[in-house]
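Residue numbering for the sequence shown follows the numbering used here, starting at 152 and increasing by one per position. A virtual CB, placed ideally from N, CA and C, is assigned to each residue, including glycine.
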Amino acid sequence: MVHKDLDYYRWWLMCKARADKDEEKDFVLQSYTDDLESSSAYQSDALVNGEPQPMVATRKSTKKCQVTLSPDGNIHIGDLVYVFNEYWICVELYIDEYGMKYGVLWMCNQIFHYQDHNLKEISKYAILDDGSYTSGNDKPILVTDNSFRCYISLDDESRALFIDKRLAIGVIYDSNGAPILEVGKIKWIDMKSRNFGEGSHLMLFGINDDAYNPEADNLEKLICDYRAATGEETSTPDESTGGTITIDGRASMRIGSGRTYSAKVVGVDGTTIASPENLLWEVVSDVQGITIQPLGSTCFVSVKEDDNLSGERFTLRCLSQDGSYAPGELEVEVM
């Protein structure tokens, strides 16, 4: 009987300790919440991904600030934040033992304009880092190879970015004083290393300088490799077509080289139909020296060894013989 009473007593002490801990936590959270709302740094009109989200924000430098949110606050790494009349991207976030959220924001200094695979025009706030963000020094760092790291929110729109895609950084002027685009080309993409915790969605990629192409780049829209939409690209395949063909492969080839491209079908429900049958491949271009060797769902494309082909473009098209799938196209540039 004594042992049973002792067990009850231990259980009572454990429950009381838990209750005291929960009470302490609730007290601290309520105190924090009251302090946040009464703080002079409290930003009641702040937005996260376009939705109202009050927070305490403190500027730490020209391009960085720290934010504090209560446990019920909604913010993740990769979110686009509007505060201090500027747009920022959350690059760091941690939650303490009481559930309070502490984040680090970097100011956006770039808006990338580009088209997705359906030729929809997209504008995305981004960070173009010359090294001063990551070094902790606000002063610009000399970049000798015109290489930059870029940060952008990872979502369906940014998934349209791929290696070798060209992006306009801004407008500059040539030796004759004519406006041209300052262009960068994506060299690598990282969708993992800067994401920590549930809900993180930050995309990092590197760009190097590239040449402006007045025949392909739209100076007014700030879009490289611009293609006017005809209306067919954005149409949704109906049930009779069964899906849309997409072509996988790099959008560039070197003179005298060959590359294999593969096709797949994305169904109306968003699922992928692997290795579709009865496909036709063709090259849509007036460029001479481009040959193809179709083999079912893959196609080997080769470019003739001819320096005059540099800068030329051709369209690789894949069609379904029986018309069961909507056709797919991929524009390829000869380097």
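### Whole-Å CB distance - L460 paired with V454, under 8 Å assumed
6 Å
### Query
Is R401 closer than 8 Å to M513 when the C-beta atoms are compared?
The question about residue 513 has no answer here: the residues shown for the chain are numbered 152 through 486.
### Task
Could you check the C-alpha separation between L481 and L270 for me, to the nearest Å?
Distance between the alpha carbons of L481 and L270: 12 Å.
### Message
By the DSSP assignment, the beta strand (DSSP E) with H146 in it spans what residues?
### Response
Residue 146 cannot be examined here, being either before or after the span of the chain that is shown, 152 to 486.
### Query
Between the C-alpha atoms of Q472 and L198, what's the straight-line distance to the nearest angstrom?
Going from the Cα of Q472 to the Cα of L198 covers about 50 Å.
### Task
Return the chain-ordered ranges of every beta strand (DSSP E) run that is complete within the segment 287-363 and spans a minimum of 3 residues.
298-304, 317-324, 330-341 and 353-361
### Message
So for E193, helix, strand or coil by DSSP?
### Response
The sequence shown places Tyr at residue 193, rather than the Glu named in the question. It is a strand residue.
### Spatial neighbours of I358 in its chain, beta-carbon cut-off 7 Å, leaving aside the 5 residues before and after
These residues qualify, in order along the chain: F299, C301, L318, G335, K336, I337 and K338.
### Query
According to DSSP, what are the bridge partners of I396?
V416
### Query
Three-state secondary structure (DSSP) at N225?
coil
### Message
Our contact map puts K214 next to Y284 with C-beta atoms below 8 Å; I'd like the distance itself, whole angstroms only.
### Response
Indeed they touch by this definition, with Cβ atoms about 7 Å apart.
### Task
Go ahead and pull the three-state DSSP assignment for Y249.
coil
### Message
By the DSSP assignment, the beta strand (DSSP E) with C216 in it spans what residues?
### Response
Note, C216: beta strand (DSSP E), K215 to L220.
#### Entry: Backbone CA spacing between V322 and G250 [nearest angstrom]
45 Å
### Query
Can you name the start and end residues of the beta strand (DSSP E) that L460 belongs to?
Careful: L460 lies outside any beta strand (DSSP E) and carries neither H nor E.
### Query
CA-CA distance, E188 and T219?
11 Å
### Message
Check whether the segment 346-358 and the segment 222-230 are in contact - that is, three or more C-beta pairs closer than 8 Å.
### Response
Result yes; three or more Cβ-Cβ pairs closer than 8 Å.
### C469 versus Y412: straight-line alpha-carbon distance, rounded
10 Å
### Task
Enumerate in chain order the residues of its own chain whose CB-to-CB distance from E384 is below 7 Å, with the five nearest sequence positions on each side excluded.
Only weak support is given to the placement of E384: the predicted model assigns it a pLDDT of 49, under 50, and the value that follows is read from those uncertain coordinates. Excluding positions up to five away in sequence, the list reads N269 and L270.
### Query
Beta-carbon separation of I320 and E333 under 8 Å?
yes
### Unbroken beta strand (DSSP E) run spanning E433, endpoints
Here the beta strand (DSSP E) through E433 covers L430 to V435.
### Task
From the DSSP output, in three-state form, read off L481 for me.
Residue state, collapsed to three classes: strand.
### Task
Let me know if P330 comes out buried or exposed under the rule of 16 or more other beta-carbons within 10 Å of its beta-carbon.
Exposed, because fewer than 16 other Cβ atoms sit within 10 Å of the Cβ of P330.
### Message
Which same chain residues end up closer than 8 Å to I489 when comparing Cβ atoms and leaving out the 5 residues on each side of it in sequence?
### Response
Past the edges of the chain, shown from 152 to 486, lies residue 489, and the structure says nothing about it.
### Query
Using the beta-carbon count (16 or more within 10 Å), is G474 buried or exposed?
With a 10 Å radius around the Cβ and a threshold of 16 neighbouring Cβ atoms, G474 comes out exposed.
### Local conformation of S475 per DSSP, three classes
coil
### Task
Can you grab the Cα-Cα spacing for the pair D380 / E272, in whole Å?
Asp is not the amino acid found at residue 380; the sequence shown has Ala there. Going by the C-alpha atoms only, they are around 9 Å apart.
### Task
For my contact list, L244 and C216 are in at a C-beta cut-off of 8 Å; report their separation, rounded to the angstrom.
Wrong, their Cβ atoms sit about 13 Å apart, outside the cutoff.
### Query
How close, in whole Å, do the beta carbons of W432 and I443 come, if the pair is a contact with beta carbons under 8 Å?
6 Å
#### Entry: Assumed close pair A208, V234 - CB separation to whole angstroms, cut-off 8 Å
5 Å
### Query
Can you tell me whether S391 is buried or exposed, with buried defined as 16 or more other CB within 10 angstroms of its CB?
Per-residue confidence for S391 stands at a pLDDT of 40, beneath the threshold of 50, marking its modelled position as unreliable; the derived number appears in the next sentence. Flag for S391 reads exposed.
#### Entry: Residues near D399 in its chain [Cβ-Cβ closer than 6 Å; skip 5 each side]
S413
### Limits of the unbroken beta strand (DSSP E) element including I406
It is not in any beta strand (DSSP E) - I406 carries neither H nor E in the DSSP assignment.
### Task
Could you tell me the distance, in whole angstroms, from the CA atom of C375 to the CA atom of K211?
In a straight line, the C-alpha of C375 is about 35 Å away from that of K211.
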